[in-house]
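Each residue of the sequence shown is one higher than the one before, counting from 1 in UniProt numbering.
Have a look at the structure below, then the notes.
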Amino acid sequence: MDIFKTTSGAVRGFRASDGVVAVLGIPYAAPPFGALRFREPAPAAAWSGIRDCTAFGPVAPQSAELPGSPGWSPGDEDVLTVNVWTPAPSSAPASSPAPDRGSLPVLVWIHGGAYTFGSSAQPDFDGDALARAGLVVVTLNYRIGFEGFGHVPASEGTSYPDNRGLLDQVAALRWVRENIAAFGGDPDNVTVAGHSSGAASIACLMVMDRARGLFHRAIAHSPASPHYTLDIAAATTREIAAAAGCPATPEGLASATPQALVTASDQVVEAYRRDPASGSRHYDPSLYAPVLDGDVLPVDPLTGLAAGAGRDVDLLVCHTTEEYWLLDAVGSCAKVTTEGQLSRFAEDFGLPDGLIDGYRAALPDAPLSDVYLSVFGDLLFGEYANRLAEQQARGGGRAFLSRFDRRRTGPHGAVRAWHCADIPFAFGNVDKECVAFLIGGAPTPADHELARRMVRAWADFATGGEPGWPAYDDATGPAMVWRTGEEQQEDEPAALRGLWDRADFPLLRP
Numbered sequence: 001m002d003i004f005k006t007t008s009g010a011v012r013g014f015r016a017s018d019g020v021v022a023v024l025g026i027p028y029a030a031p032p033f034g035a036l037r038f039r040e041p042a043p044a045a046a047w048s049g050i051r052d053c054t055a056f057g058p059v060a061p062q063s064a065e066l067p068g069s070p071g072w073s074p075g076d077e078d079v080l081t082v083n084v085w086t087p088a089p090s091s092a093p094a095s096s097p098a099p100d101r102g103s104l105p106v107l108v109w110i111h112g113g114a115y116t117f118g119s120s121a122q123p124d125f126d127g128d129a130l131a132r133a134g135l136v137v138v139t140l141n142y143r144i145g146f147e148g149f150g151h152v153p154a155s156e157g158t159s160y161p162d163n164r165g166l167l168d169q170v171a172a173l174r175w176v177r178e179n180i181a182a183f184g185g186d187p188d189n190v191t192v193a194g195h196s197s198g199a200a201s202i203a204c205l206m207v208m209d210r211a212r213g214l215f216h217r218a219i220a221h222s223p224a225s226p227h228y229t230l231d232i233a234a235a236t237t238r239e240i241a242a243a244a245g246c247p248a249t250p251e252g253l254a255s256a257t258p259q260a261l262v263t264a265s266d267q268v269v270e271a272y273r274r275d276p277a278s279g280s281r282h283y284d285p286s287l288y289a290p291v292l293d294g295d296v297l298p299v300d301p302l303t304g305l306a307a308g309a310g311r312d313v314d315l316l317v318c319h320t321t322e323e324y325w326l327l328d329a330v331g332s333c334a335k336v337t338t339e340g341q342l343s344r345f346a347e348d349f350g351l352p353d354g355l356i357d358g359y360r361a362a363l364p365d366a367p368l369s370d371v372y373l374s375v376f377g378d379l380l381f382g383e384y385a386n387r388l389a390e391q392q393a394r395g396g397g398r399a400f401l402s403r404f405d406r407r408r409t410g411p412h413g414a415v416r417a418w419h420c421a422d423i424p425f426a427f428g429n430v431d432k433e434c435v436a437f438l439i440g441g442a443p444t445p446a447d448h449e450l451a452r453r454m455v456r457a458w459a460d461f462a463t464g465g466e467p468g469w470p471a472y473d474d475a476t477g478p479a480m481v482w483r484t485g486e487e488q489q490e491d492e493p494a495a496l497r498g499l500w501d502r503a504d505f506p507l508l509r510p
């Protein structure tokens with residue numbers, strides 16, 4: 001029987017495949033509601049007997065309904081759980097460099113979703129293929145939206161921590177340190193990986209004292225750049241409270257149910273979408289982001305990494321070459337189709353003079369909307385990813401940079417190298433039905449080969465810190481470019497990076 005002993009009690013998993021055991025929905029902290037709402041995560045209660053862990057735990061409060069994933073149901077409270085995939089004891093992978101099951105490298109995955117939606121139960125995050133490559137894989141849920149990243153003001157000498165979602169992630173990493181050996185993992189060889197807001201969370205963890213020593217390597221795919229000051233976070237709280245019909249006080253916010261705050265957040269987002277005069281939030285409203293509170297998050301990641309805060313952690317960064325085309329395809333961002341709208345977009349984000357013209361010169365045949373999407377993708381993801389690698393190297397740490405540029409022609413035309421398209425390849429999950437939209441249809445043999453190479457790079461990096469190409473040294477690279485070999489081999493326009501020299505990061509919106 002596949003039973004494992006944790007510090008809270010024994011858990012039972014199941015055979016996910018011939019060589020892998022999955023153990024799902026293990027609590028790593030207490031339900032963060034009731035007296036624990038808006039507080040730091042508390043220890044999970046112990047249990048007696050053997051806990052059946054064959055299904056994912058409840059997802060955090062949100063309104064999103066993602067393909068193939070469970071939604072949130074009001075009343076679900078035990079949302080702080082982890083899932084583990086581990087090579088079965090009788091079938092340790094021949095490819096693993098560590099035959100001793102107690103020393104298998106560990107990869108901990110933090111999902112993205114604009115700090116507002118998503119969960120570890122998304123099928124594209126299934127850890128089976130990575131476990132077969134020799135890793136113990138952990139995925140986790142954490143508080144998102146207002147519950148995880150909304151600012152709660154102090155009251156009568158009582159303070160409420162900002163960045164509760166980051167604190168949940170730290171608690172999950174502590175659970176890994178204390179328990180992963182029971183699943184065959186090495187607590188002294190932990191890599192934390194994530195995508196989008198999950199990747200940006202990792203950049204924060206790298207400069208947080210509370211996370212120091214809990215992981216040894218980091219993988220950040222398409223890290224999202226915004227971080228907020230306390231003033232911005234407090235202003236957002238006032239907007240949410242007004243929409244929820246409650247005072248913007250700890251007591252008022254606690255009186256609103258999680259469902260009410262989710263609904264209020266959606267209403268505020270929609271108001272920004274409808275108002276072109278509402279500034280930078282009009283284009284793709286993101287109400288929540290890590291808060292530079294001087295405590296949990298003492299400094300923005302770029303500044304902290306440049307100062308050496310992450311020099312003891314190897315960092316692998318990846319971004320896609322057409323990030324924002326996904327957000328456009330799903331209707332998440334505003335349309336920009338006229339010269340006046342493009343000029344206003346540049347003004348609302350404070351883009352340097354000449355940047356838009358530089359993109360036009362680099363993309364001479366592109367329609368105006370493509371120029372906008374290219375700039376927006378680099379603004380929010382691509383350039384920030386480049387700078388994370390650059391600042392990590394500047395601060396004395398090792399950094400590896402890569403770009404995902406896999407393209408092809410699918411049933412409905414050109415398949416973009418857009419946001420999220422790289423993740424099914426890195427997880428080895430390109431055959432999952434739910435990712436067909438992301439990757440443009442059924443995978444080809446070339447896609448399967450690309451997935452094998454990306455899985456191997458993740459596994460090798462998590463094992464020994466070497467993904468298979470040289471470390472980043474300066475603004476010229478080197479960088480690995482992930483392609484299938486079918487598409488035309490073109491270099492990314494080198495001139496584009498220079499256009500961002502005068503752009504001020506991190507972006508503190510609105």
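Where is the CB? At the ideal position from N, CA and C, for every residue including glycine.
Quick caveat, the model's predicted, so the values are computed rather than measured.
Flag this pair as yes or no: are the beta carbons of T191 and F215 separated by less than 8 Å?
On the sequence shown, position 191 is the one that residue 191 refers to. On the sequence shown, position 215 is the one that residue 215 refers to. Contact flag set, yes.
Which partner residues of A399 appear in the DSSP bridge assignment?
For this step, residue 399 is matched to residue 399 along the sequence shown. Its beta-bridge partners are L315.
Reference Y384, options V371, A220 and H151, closest by Cα:
Counting from one through the sequence shown, the residue named residue 384 turns up at place 384. When each option's Cα is compared against that of Y384, the closest is A220.
Could you compute how far the alpha carbon of A55 sits from the alpha carbon of R12?
Within the sequence shown, numbered from 1, the residue matching residue 55 stands at position 55. Within the sequence shown, numbered from 1, the residue matching residue 12 stands at position 12. A55 and R12: Cα-Cα distance of roughly 11 Å.
Residue closest to H319, alpha-carbon to alpha-carbon, out of P61, A421 and E77:
Counting from 1 along the sequence shown, the entry for residue 319 is found at position 319. When P61, A421 and E77 are compared, the shortest CA-CA separation from H319 is found for A421.
How many Å lie between A46 and P470 at the Cα?
As a position in the sequence shown, residue 46 is number 46, starting the count at 1. As a position in the sequence shown, residue 470 is number 470, starting the count at 1. Linking A46 to P470 through their CA atoms gives a straight-line distance of about 46 Å.
DSSP puts Y228 in a beta bridge; with which residues?
Looking up residue 228 in the sequence shown gives position 228. Bridge partners of Y228: V291.
Limits of the unbroken alpha helix (DSSP H) element including residue 520
Residue 520 is absent from the model: the chain starts at 1 and stops at 510.
Please say whether A426 and M454 have beta carbons closer to each other than 8 Å?
In the sequence shown, counting from the first residue as 1, residue 454 sits at position 454. In the sequence shown, counting from the first residue as 1, residue 426 sits at position 426. Contact: yes.
Between the C-alpha atoms of R407 and T321, what's the straight-line distance to the nearest angstrom?
Position 407 of the sequence shown holds residue 407. Position 321 of the sequence shown holds residue 321. Cα to Cα, the separation comes out at about 10 Å.
DSSP beta-bridge partners for M480?
Mapped onto the sequence shown, residue 480 falls at position 480. Answer is S402.
Can you name the start and end residues of the beta strand (DSSP E) that G440 belongs to?
For the purposes of this step, residue 440 is taken as the residue at position 440 of the sequence shown. G440 -> no beta strand (DSSP E), and no H or E assigned at all.
Other residues of its chain near residue 537: CB distance less than 7 Å, five sequence neighbours each side excluded
Nothing about residue 537 can be reported from this structure: the residues present for the chain run from 1 to 510 only.
Can you say whether D314 is buried or exposed, counting buried as having 16 or more other CB atoms within 10 angstroms of its CB?
On the sequence shown, position 314 is the one that residue 314 refers to. D314 is buried by the Cβ-count criterion.
Would you kindly check if the distance between the Cβ of P31 and the Cβ of E65 is under 8 Å?
By one-based count along the sequence shown, residue 65 stands at place 65. By one-based count along the sequence shown, residue 31 stands at place 31. No, these two residues do not count as a Cβ contact at 8 Å.
I need the DSSP call for N386, collapsed to helix, strand or coil.
Sequence index remark: in the sequence shown, residue 386 carries index 386 (1-based). Three-state result, N386: helix.
Residues near R210 in its chain [Cβ-Cβ closer than 6 Å; skip 5 each side]:
Working through the sequence shown from its first residue, we reach residue 210 at position 210. Excluding positions up to five away in sequence, the list reads V170.
Can you give the beta carbon distance from V481 to R416, rounded, assuming they're within the 8 Å contact cut?
Working through the sequence shown from its first residue, we reach residue 481 at position 481. Working through the sequence shown from its first residue, we reach residue 416 at position 416. No, V481 and R416 are not in contact; Cβ-Cβ is about 15 Å, not under 8 Å.
Does the segment 226 to 246 come within contact of the segment 334 to 345, defined as at least 3 CB pairs closer than 8 Å?
No, the segment 226 to 246 is not in contact with the segment 334 to 345.
Which term fits A131, buried or exposed, when burial requires 16 or more other beta carbons within 10 angstroms of its beta carbon?
One-based indexing of the sequence shown puts residue 131 at position 131. Buried, because 16 or more other Cβ atoms sit within 10 Å of the Cβ of A131.
Contact under 8 Å by Cβ, P70 with V59
Translated into positions along the sequence shown, residue 70 becomes position 70. Translated into positions along the sequence shown, residue 59 becomes position 59. Pairing P70 with V59 gives a Cβ-Cβ distance under 8 Å.
Express the C-alpha separation of G157 and A277 in angstroms, rounding to a whole number.
What you label residue 277 is simply residue 277 of the sequence shown in a count that begins at 1. What you label residue 157 is simply residue 157 of the sequence shown in a count that begins at 1. Each residue's alpha carbon lies about 39 Å from the other.
Residues that DSSP places opposite I110 in a beta bridge
The count along the sequence shown starts at 1 and reaches residue 110 at position 110. Looking at the DSSP assignment, I110 forms a beta bridge with L140 and G194.
For G25, three-class secondary structure by DSSP
Within the sequence shown, numbered from 1, the residue matching residue 25 stands at position 25. G25: strand per DSSP, three-state reduction.
Does the contact criterion of 3 or more C-beta pairs under 8 Å hold for the segment 448 to 463 versus the segment 322 to 331?
Contact fails: fewer than three Cβ-Cβ distances are below 8 Å.
Could you tell me whether the Cβ atoms of L292 and D300 are closer together than 8 Å?
As a first step, residue 292 must be located in the sequence shown, where it is residue number 292. As a first step, residue 300 must be located in the sequence shown, where it is residue number 300. Cβ atoms of L292 and D300: closer than 8 Å.
Taking only the alpha-carbon atoms, compute the straight-line gap between A224 and F381 and give it to the nearest angstrom.
Translated into the one-based positions of the sequence shown, residue 224 becomes position 224. Translated into the one-based positions of the sequence shown, residue 381 becomes position 381. One C-alpha to the other measures close to 5 Å.
Range of the contiguous beta strand (DSSP E) that encloses N83
Walking along the sequence shown from the start, residue 83 turns up at place 83. Note, N83: beta strand (DSSP E), T81 to P87.
A42, DSSP secondary structure in three states
In the sequence shown, the residue the question calls residue 42 occupies position 42. A42 falls in the coil class under three-state DSSP.
Does the segment 344 to 362 touch the segment 498 to 506, meaning 3 or more C-beta pairs lie closer than 8 Å?
Segments in contact, yes.
So S159 and N141 are supposed to be a Cβ contact under 8 Å. How far apart are they, rounded?
Taking the sequence shown and counting its residues from 1, the one referred to as residue 159 is at position 159. Taking the sequence shown and counting its residues from 1, the one referred to as residue 141 is at position 141. No, S159 and N141 are not in contact; Cβ-Cβ is about 25 Å, not under 8 Å.
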